Every structure is written in structure tokens, then in C-alpha cells.
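Worksheet: the structure to be examined is printed underneath.
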């Protein structure tokens with residue numbers, strides 16, 4: 381097995397685990413995502429999904445941390461971390477911006493170690 385390491389992002393307070401990955405559909409983008417084991421789903425700003433021409437899947441209800449339900453749009457993408465490809469991931473489109481949240485829909489396919497003392501996220505592939 382191969383281990384890929386990513387340094388925590390020190391711009392967050394406290395510092396936060398992030399990983400670099402490729403977002404793939406008709407085109408691909410290299411992005412950085414916040415690792416959020418409390419998020420059920422991966423959330424990606426709509427501007428990135430449009431840039432790679434990700435196909436729209438459907439509209440669905442989502443309940444956020446506040447308990448309020450809202451309608452969200454789902455898109456189909458491939459997520460590639462190092463050499464590991466996760467095809468057919470349905471992600472939630474968020475408002476335009478830069479913050480990508482990598483949720484358990486992706487994390488559950490990986491072995492992830494958050495080493496807060498060293499400020500390193502390790503993905504075993």
C-alpha cells in the first residue's frame with residue numbers, strides 16, 4: 381500500500397486537515413479539500429462543477445447541521461486522490477466560492493489518518 385501525506389492548512393484556526401485531489405468530469409481541476417468526517421456528503425462550489433462540465437444528476441433535500449432542510453443540486457464526478465480514482469461520486473453543488481468539503485461519501489472509501497500533532501493527513505491507498 382502507498383501512503384500519501386498532506387500538510388494541515390494553518391490558515392484555519394485551529395489548523396485543519398486538507399487533501400489535494402483532482403475533480404474529473406469532461407475536464408479536470410486540481411483542488412484542495414477540507415477533510416470533514418462529520419459531513420455525510422462532499423460539497424463542491426458550483427463554479428468548479430461548471431468548469432469541468434460535471435453532469436447534473438437531480439435535485440434532492442438535504443438537512444444541514446442547523447437541522448433546516450433545503451433543496452440542493454447533485455452532480456456526478458470522479459475524485460482522484462494520488463493514483464486512486466473514485467468514479468461516480470454524487471456531490472452537492474454549493475454557492476460559488478473556493479471551499480471544498482470532502483465528506484464521508486468519499487472518506488469511507490479510504491484509510492485516512494489525521495495526525496494533528498504532526499499537522500499531517502495521511503491517505504493509505
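In the working numbering, the protein residues as written are 381 to 505.
Here a beta-carbon is modelled for each residue, glycine too, at the ideal position from N, C-alpha and C.
Small disclaimer: the values here were computed from a predicted structure and weren't measured.
Three-way DSSP call (helix, strand, coil) for residue i in this model
| i | result |
| --- | --- |
| residue 479 | coil |
| residue 399 | strand |
| residue 490 | coil |
| residue 485 | helix |
| residue 456 | strand |
| residue 389 | strand |
Boundaries (first-last residue) of the alpha helix (DSSP H) holding residue i
| i | result |
| --- | --- |
| residue 426 | 426–431 |
Option in the options with minimal Cα separation from residue i
| i | options | result |
| --- | --- | --- |
| residue 390 | 465, 414, 384, 406 | 414 |
| residue 483 | 423, 452, 431, 388 | 423 |
Exposure label - residue i; buried when at least 16 CB within 10 Å
| i | result |
| --- | --- |
| residue 481 | buried |
| residue 429 | buried |
| residue 435 | exposed |
| residue 467 | exposed |
Checklist entry - Are the stretch 399–406 and the stretch 457–464 in contact at 8 Å, needing three or more beta carbon pairs? => result With the cut-off at 8 Å, the stretch 399–406 and the stretch 457–464 touch.
Next on the checklist: Can you confirm whether the stretch 434–454 touches the stretch 486–503 when touching is taken to mean that 3 or more C-beta pairs between the two stretches lie within less than 8 Å?
Outcome noted: no
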